Amino acid sequence: GENVEQHPSTLSVQEGDSAVIKCTYSDSASNYFPWYKQELGKRPQLIIDIRSNVGEKKDQRIAVTLNKTAKHFSLHITETQPEDSAVYFCAASPPIQGAQKLVFGQGTRLTINP
Amino acid sequence: NAGVTQTPKFQVLKTGQSMTLQCAQDMNHNSMYWYRQDPGMGLRLIYYSASEGTTDKGEVPNGYNVSRLNKREFSLRLESAAPSQTSVYFCASSPPPGAKFVFGPGTRLTVT
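Which chain is which? The protein sequence lines are H and A, in order. The first sequence begins at 1 in our numbering and counts up by one. The second sequence begins at 1001 in our numbering and counts up by one.
#1: Is the Cβ of residue 104 of chain H closer than 8 Å to any Cβ of chain A?
#2: Assign residue 1009 of chain A to one of two classes, buried (16 or more other C-beta atoms within 10 Å of its C-beta) or exposed (fewer than that).
#3: Can you tell me whether residue 86 of chain H is buried or exposed, with buried defined as 16 or more other CB within 10 angstroms of its CB?
#4: Looking at the structure shown, is residue 1011 of chain A part of a helix, part of a strand, or coil, going by DSSP?
#5: Can you have a look at residue 1039 of chain A and say buried or exposed, based on whether 16 or more other CB atoms are within 10 angstroms of its CB?
#6: What does residue 1105 of chain A touch in chain H if you count any residue whose Cβ is under 9 Å from its own?
#7: When the cut-off is 8 Å and only beta carbons count, does residue 1043 of chain A lie next to chain H?
#8: Please list the terminal residues of the continuous beta strand (DSSP E) segment that includes residue 1077 of chain A.
#9: Kindly list, in the order they appear in chain H, the residues whose Cβ is closer than 8 Å to that of residue 1050 of chain A.
#10: Tell me whether residue 15 of chain H sits in a helix, a strand or coil according to DSSP, three-state version.
#11: Per DSSP, what kind of secondary structure is residue 1085 of chain A in: helix, strand or coil?
#12: What in chain H is Cβ-close to residue 1033 of chain A, meaning under 9 Å?
#13: Give a yes or no on whether the C-beta atoms belonging to residue 108 of chain H and residue 9 of chain H are separated by under 8 Å.
#14: Assuming residue 77 of chain H contacts residue 18 of chain H (C-beta within less than 8 Å), just tell me the rounded distance between them.
#15: Leaving out five residues on either side along the sequence, give the residues of the same chain with a beta carbon under 7 Å from the beta carbon of residue 47 of chain H.
#16: If you measure beta-carbon to beta-carbon, which residues of the stretch 1058-1074 of chain A are closer than 8 Å to chain H?
#17: Is the Cβ of residue 1040 of chain A closer than 8 Å to any Cβ of chain H?
#18: Could you give the distance in angstroms between the alpha-carbon of residue 56 of chain H and the alpha-carbon of residue 1112 of chain A?
#19: Could you work out which residues of chain A lie near residue 107 of chain H, taking near to mean beta carbons separated by less than 8 Å?
#20: Residues of chain A with CB closer than 8 Å to the CB of residue 89 of chain H, please, in chain order.
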């Protein structure tokens, strides 16, 4: 089955700097790659996603890139702010009959230092 | 429009007790899912239901059963709770063609 590896497990950056989180996946049939942000004690919230027919997607300060050949994708956050501090999860979605399921990475705890 | 709701929010069980976690969505989504979240391990899929009347095992189904009661509701049952089932449980739903998951607020379960 699908396996998703996420790095680093913790990341600390100065406010205003950029942060990059990387994920690799194993199943070449996976065709959807979302990123979730989870604040302490809260549910995961979708922040950006990309489908396998697209190489890059941007939404204001957040961007995701996908390299299907190498089977890896990355989250880029520019001009980081204190409210970006949270745990971020990547996921890959292999198609299954009638639905899609998400296989998550282990998470990255991002800390923005003022 | 409440999205995905879960009950209870918190629960403490003794080893061997049983309980059912309830999940409901009002977005007319076809697919529903149960995940558990443990520290350092991300979210792992327990069971899912692609559509009303169908259920399938995920990565970690042992010790759990599910029921897709109707299109709105998907429950998770622990028949004989064990300390290894101490976790935060999230229900999620997604519309066709799927994948934009919406998560519920979670149930924090402790088994002593």
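In this text, a Cβ means the ideal position worked out from N, Cα and C, and glycines have one as well. If you're wondering where the values come from, they're calculated on a predicted model, not measured in any experiment.
On the basis of the data shown:
#1: yes
#2: exposed
#3: buried
#4: strand
#5: exposed
#6: 42, 43
#7: yes
#8: 1074-1078
#9: 96, 97, 98, 99
#10: coil
#11: helix
#12: 99, 101, 102
#13: yes
#14: 7 Å
#15: 35, 36, 37, 62
#16: 1058, 1059
#17: yes
#18: 47 Å
#19: 1040, 1042
#20: 1042, 1043
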